[in-house]
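Numbering (my numbering), first residue to last: 31 to 149.
All C-beta atoms, glycine included, are put in the ideal place defined by N, C-alpha and C.
Data first, discussion second: the structure below is written as structure tokens.
Rendered as structure tokens:
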């Protein structure tokens, strides 16, 4: 009986790992520089995200002081964003699932609009 419980628990843990590995394997990184302060860049991304029916949620800052945000669709975080100063510009790193064309399209539009508004 103990073996069955142990095997069931092990299989449950492994199935969770495969989901994590799959998510990491399909994560795309897109880095963009904006010619505005971190605050103005954040405001633009937040505004453009709302226009695309997404919501920006603040996360704990990174150890280097950069800001971290999540772009939510409903309750699901579909994009992670790291944002910080890089010289006189703001660098934003976007992490998202490359298999989701709706997210990729919305993110491309958000970035394009913010470049138009800030640069």
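Less than 8 Å separating the Cβ of residue i from some heavy atom of the ligand ZN?
i	result
residue 93	Annotation note on the ligand ZN: not contained in the displayed structure, which lists no ligands.
Please go through the same chain and pick out, in chain order, the residues whose beta-carbon is closer than 8 Å to the beta-carbon of residue i, but skip the five residues on each side of it.
i	result
residue 129	56
residue 91	97 and 98
Would residue i and residue j be called neighbours here (beta carbons separated by less than 9 Å)?
i	j	result
residue 84	residue 103	yes
residue 76	residue 143	no
residue 98	residue 105	no
residue 110	residue 101	yes
Residues in the same chain with beta-carbon distance under 7 Å from residue i, minus the five sequence neighbours each way, listed in chain order, please.
i	result
residue 74	144, 147 and 148
residue 96	112, 113 and 114
residue 138	none
Give the DSSP bridge partners of residue i, in chain order.
i	result
residue 119	116
residue 148	Note: residue 148 sits in no beta bridge, so no partner.
residue 59	125
residue 85	102
Could you check how far apart the C-beta atoms of residue i and residue j are, in whole angstroms? I think they sit under 8 Å.
i	j	result
residue 58	residue 126	6 Å
Please work out which residues of its chain come closer than 6 Å, Cβ to Cβ, to residue i, disregarding the five sequence neighbours upstream and downstream, and give them in chain order.
i	result
residue 133	108 and 126
- Query: Could you give the uninterrupted runs of the beta strand (DSSP E) lying entirely in the region 90–116, keeping only those of 3 residues or more?
  - Reply: 97–103 and 106–116
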